[in-house]
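See structure below.
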Amino acid sequence: MLGAVLVGVALSVSTAGSVHAMSGGTQLPQRGAAPWLATLAVKGDAPLLQRASCGGALIAPDRVLTAAHCLDGQDTRRAEVHIGSSVLSQDPGTVRDIRSVTTHPRYELLPSPVDPDNVALSSAAYDMAEIRLSAPVRGVKPLPVAHHRPLPGTPVSLFSHGTTAAPDPSQPGKEIRGDVLRRGDLTVRTHAQCAAQTPAVVDKASVLCARDISDGGTTMCFGDSGSPLVIWGRRGPELAGVFSFAGETAGKVCGQAADAAFADVPALLAGVK
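Taking mature numbering (1 follows the signal peptide of the UniProt record, and there is no 0), I'd label the letters of the sequence shown as residues -21 to -1, 1 to 252.
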């Protein structure tokens, strides 16, 4: 279920439903826990927690990477980017307007083979976009991009402000959004493993998958697409992917174990240089 439904005030969405992110994981309330983390939001006077949308990662002082479907059909003049907020209700981080957006030229939504007319079951290919900020962010070290896709079995971590539980059926549209940043530790999966657990199309060239194979219970849920997946290299954290889709393509709901699919950032950036 792809798209960018913003809590409280929605920008126009051209094709899709709700974004997904993390349930479970470890809370990281301390300031500076992930200084390169980006949070997209609608401009306005409402609390940031009500306006926040997709995640992303600062990869240069004036550039953020996120999922392309987060910005598909959006009026970015009504949006802003917050860098480095760990607790949305307490610290907005560094705020910048959006100067421009460049979507990967091969980005597309992929209809489900079992129900092509149901966009809630769609997956995506080349799901990455670059945001140019209105001004550089000073005093924050950008997140380096990994040199290559991590191999299956590699430990990775997702950083997200996504909602923390499935929606209450008695209160439709009122998900419990995650105020505090969370980190979920996952393991990279093979393409065959990922493709086998969903009827959706999993594009091998542009998508990498990961899953919590421990008893930690980290699963994907309604919340933030575009959130960064990092590997832990000699330089510290490095950006390996941005979150695209998960178990909703197989009809699963928050809390049900499923592989999470990410745009393969090293491969996609290399392809547009």
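C-beta atoms are modelled at their ideal positions from N, C-alpha and C, and glycine is treated no differently.
Inter-residue spacing [alpha-carbon to alpha-carbon] between residue 81 and residue 197:
31 Å
Is it true that the CB of residue 19 sits closer than 7 Å to the CB of residue 158?
no
Just reading off the beta strand (DSSP E) that residue 78 is part of, what are its end residues?
73 to 82
Whole beta strand (DSSP E) elements within the stretch 44 to 123, 3-residue minimum:
58 to 62, 73 to 82, 87 to 89, 102 to 104, 108 to 112
Beta-carbon of residue 33 versus every beta-carbon of chain C: anything under 7 Å?
Here there is only one protein chain, and chain C is not present.
In whole angstroms, what separates the C-alpha of residue 72 from that of residue 163?
21 Å
Could you tell me whether the Cβ atoms of residue 242 and residue 221 are closer together than 7 Å?
yes
Give a yes or no on whether the C-beta atoms belonging to residue 59 and residue 43 are separated by under 7 Å.
no
Please identify the residue among 41, 188, 51, 102 whose C-alpha is closest to the C-alpha of residue 33.
51
At least 3 beta-carbon pairs within less than 8 Å: the stretch 83 to 93 vs the stretch 59 to 70
no
Tell me the DSSP secondary structure of residue 14 in three-state form.
coil
Residue 208, enclosing beta strand (DSSP E) - first and last residue:
207 to 212
Residue interval of the beta strand (DSSP E) (run including residue 33)
31 to 39
Minimum C-alpha distance to residue 22 - residue among 30, 4, 16
30
Three-way DSSP call (helix, strand, coil) for residue 228 in this model:
helix
Taking 8 Å as the cut-off, does the stretch 163 to 176 touch the stretch 232 to 247 (at least 3 CB pairs, one atom from each stretch)?
yes
Quick check on DSSP: helix, strand or coil for residue 9?
coil
Given residue 40, which residues of its chain have a CB within under 6 Å of its CB, disregarding the five upstream and five downstream residues?
115, 116
Please state whether DSSP places residue -12 in a helix, a strand or coil.
With a pLDDT of 31 at residue -12, under the threshold of 50, the predicted position of this residue should be treated as unreliable, though the coordinate-derived value follows. Looking at residue -12 - three-state DSSP - the assignment turns out to be coil, as it is neither helix nor strand.
Chain-order list of residues whose beta-carbon lies under 6 Å from that of residue 182 (same chain, five-residue window excluded)
104
Between the stretch 120 to 136 and the stretch 89 to 102, do at least 3 Cβ pairs fall closer than 8 Å?
no
Going by DSSP, name the residue or residues bridged to residue 26.
None, per the DSSP bridge assignment.
Any idea which residues DSSP pairs residue 166 with across the strands?
134, 190
Along the chain, where does the beta strand (DSSP E) that runs through residue 243 open and close?
239 to 243
Does residue 225 pass the burial test, meaning 16 or more other C-beta atoms within 10 Å, or should it be called exposed?
buried
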